[in-house]
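Protein chains in written order, with the numbering used here: chain C, 1 to 437; chain R, 1001 to 1314.
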């Protein structure tokens, strides 16, 4: 089964001999021994209050001391990991890693394949699409921590003023409602962030697009300017140029203000959005509601994902067993995962938590008593399972900002900018020695 | 030792007294080198060696697939056709032509005003003008970023309150001007202090003589003060030229507030940083940094040369 999967995904012949025999390389005795040997692990994560889960781990394994450090979120975090890896010292043992980054670190052979340590057995514990994000042809490059299936958060009061009773079911309806919201309240239907490729990629994901592909070896597929992608682009361009959707950069002061003061009547966001919004726009409590994303056709239930991360082990670690056990404990231990979901509000990837009544039945006053977690737990099952990334997403996203993001911000031709982005991604891939399709 | 022996015959033919001062001087030279040594060691280890290392790196190409290969000057040649890099250099040249004269004129005016002795509370004013330089660039940029904000910034709010439309100061068209404003605010005081201290060192007799000849304060400023502090002004120009091409903090912080107005290649330095740490292209980044260094040297040299020529003509 394992070998079959690897042939199908076109893994190099050189890779299989090294991984197959090691499948049973670590015995329970090895693990016990490692977990009783005094060890210090370094863990880089930006998740707020991660220390609480680390404490649980240290309580269970008193011999292991974990040094938790926050070196920045997103790009600065990765830049520091790469620098430490290049320098040959100072790299942590365990790192938080967003799904889109995994393959670029796997490519430079920086990540430890966790399958021989027992990670393969965890597959059934996670939502299938999430597992596919960390599993590359049987090699497991991280234990899923959180995810971001996308939904639609909207202001019920502004919708009511515009004569809208239900969340738009289709994108056509969404555009029509946007017009109504604008003329009745002056608010924008939502904001499409020109600086946040994750949001538009999530919408691509929902539309069933496969903008990126990587065979795990030398071949990448870049298809960001397909006719379907241009359809999505044209849809948003129309809303933007019609003044129905704003184009403020997200996670900036201006945007926080906009969420709080009714500049936007909605936010197409991920499952981590609801709690975030609660903190940012506290004054609007009770006026929001959550729904699934509008669909191409009525009755469909398609979803995309925006964000989320795993905890991965770097290959340079001197304590691979303990490091793996830490990554596993944080994201697999029942107390730890429950705590991450209900106290830190990370959206779970673990099927047990996704069914746990203490999580799904939570009612949120901010959303008028709606069971928001239940909604997103349902959406999580609708995310397309085969979405892939390029092994150079750092570049892809920074190039996005200069091409597509710029077109969005300038309210100009987004379709044309997709062509420019496509060209940059292909050129970069070729220049880096990939076969680009 | 060899030089001591070689020097002897010469001293014998000449004045006998010369021998002793000569050896003292040599000892002084040795001491001087000894004092310079710690700096020099650090200078070599922290600047010269890394410089050569990045020069070395710039002749290679590292690919994600296929590893490292020697490419000669290919990275340099690529830079000369790279619109992102050339655009950044051109943007900084524009910045230089507009911002530097404005800032230095402002600094000179303030320095002259303070030096004239006509301004009351000049000590306090001097301090106030210098404070922006003491504010860390990061804080300054964040502060201005708030002031520039379109929905909540006080500038936009004021303009809106008096019925004028608020311009988006962080839009792609305006962001360069907004950046010029920040840099001017930060460094005008600093340049003013340099010019002011130069002005203080001009002997007062010159002014007295000019006053007796019936020269006005404007005339004194124009014909005595400014020519007298020309070297100081030249210094501020060179500093500003270098500072402009190396602009990094301000655009990189504003990038977070106006991500699509400030591209990854907005300034050459910011571009080199993004190449190295986002695109993982250390080799090309090294080449870009080298070319930038050469551009700065050329521009500084041209500035110096043109002012020297003017001095000779005067």
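Quick reminder that beta carbons are idealized off the backbone N, C-alpha and C, glycines included.
Is the beta carbon of residue i less than 8 Å from the beta carbon of residue j?
i, j, result
"residue 361/C", "residue 374/C", "yes"
"residue 1188/R", "residue 1107/R", "yes"
"residue 140/C", "residue 113/C", "yes"
"residue 28/C", "residue 44/C", "no"
"residue 1096/R", "residue 1244/R", "yes"
"residue 379/C", "residue 148/C", "no"
"residue 188/C", "residue 263/C", "yes"
"residue 294/C", "residue 173/C", "yes"
"residue 1267/R", "residue 1248/R", "yes"
"residue 421/C", "residue 403/C", "yes"
"residue 142/C", "residue 134/C", "yes"
"residue 376/C", "residue 271/C", "yes"
"residue 203/C", "residue 229/C", "no"
"residue 192/C", "residue 408/C", "yes"
"residue 195/C", "residue 1264/R", "no"
Cα-Cα, which of the options is closest to residue i?
i, options, result
"residue 182/C", "397/C, 239/C, 198/C", "239/C"
"residue 102/C", "322/C, 122/C, 144/C", "144/C"
"residue 87/C", "316/C, 337/C, 383/C", "316/C"
"residue 1077/R", "1104/R, 1207/R, 1283/R", "1283/R"
"residue 160/C", "287/C, 170/C, 297/C, 434/C", "287/C"
"residue 419/C", "431/C, 405/C, 26/C", "405/C"
"residue 72/C", "59/C, 96/C, 51/C", "96/C"
"residue 221/C", "229/C, 211/C, 227/C", "211/C"
"residue 107/C", "75/C, 120/C, 217/C", "217/C"
"residue 1168/R", "1214/R, 1029/R, 1178/R", "1178/R"
In whole angstroms, what separates the C-alpha of residue i from that of residue j?
i, j, result
"residue 385/C", "residue 303/C", "10 Å"
"residue 1145/R", "residue 1262/R", "13 Å"
"residue 4/C", "residue 437/C", "With a pLDDT of 35 at residue 4/C, under the threshold of 50, the modelled position of that residue is not reliable, and no figure is offered here."
"residue 64/C", "residue 42/C", "11 Å"
"residue 1109/R", "residue 1193/R", "12 Å"
"residue 225/C", "residue 231/C", "10 Å"
"residue 1058/R", "residue 1281/R", "10 Å"
"residue 446/C", "residue 255/C", "Residue 446/C lies beyond the range of chain C shown here (1 to 437); nothing can be said about it."
"residue 351/C", "residue 322/C", "24 Å"
"residue 162/C", "residue 245/C", "16 Å"
"residue 54/C", "residue 1271/R", "38 Å"
"residue 1256/R", "residue 198/C", "16 Å"
"residue 1209/R", "residue 1184/R", "36 Å"
"residue 1292/R", "residue 1089/R", "8 Å"
"residue 1072/R", "residue 427/C", "20 Å"
"residue 1082/R", "residue 85/C", "29 Å"
"residue 1064/R", "residue 118/C", "29 Å"
"residue 305/C", "residue 401/C", "19 Å"
Within 8 Å of any Cβ in chain R, is that where the Cβ of residue i sits?
i, result
"residue 432/C", "yes"
"residue 182/C", "no"
"residue 237/C", "no"
"residue 437/C", "no"
"residue 440/C", "Residue 440/C is absent from the structure shown; chain C starts at 1 and stops at 437."
"residue 75/C", "yes"
"residue 419/C", "no"
"residue 426/C", "no"
"residue 216/C", "no"
"residue 411/C", "no"
"residue 391/C", "yes"
"residue 422/C", "no"
"residue 107/C", "yes"
Does any C-beta atom of chain C lie closer than 8 Å to the C-beta of residue i?
i, result
"residue 1279/R", "yes"
"residue 1050/R", "no"
"residue 1191/R", "no"
"residue 1258/R", "yes"
"residue 1082/R", "no"
"residue 1065/R", "yes"
"residue 1151/R", "yes"
"residue 1263/R", "yes"
"residue 1146/R", "yes"
"residue 1167/R", "no"
"residue 1274/R", "yes"
"residue 1172/R", "yes"
Could you tell me how far apart the beta carbons of residue i and residue j are, in whole angstroms, since I believe they sit closer than 8 Å?
i, j, result
"residue 66/C", "residue 326/C", "6 Å"
"residue 1149/R", "residue 1140/R", "About 15 Å separates the two Cβ atoms, so there is no contact after all."
"residue 1303/R", "residue 1238/R", "6 Å"
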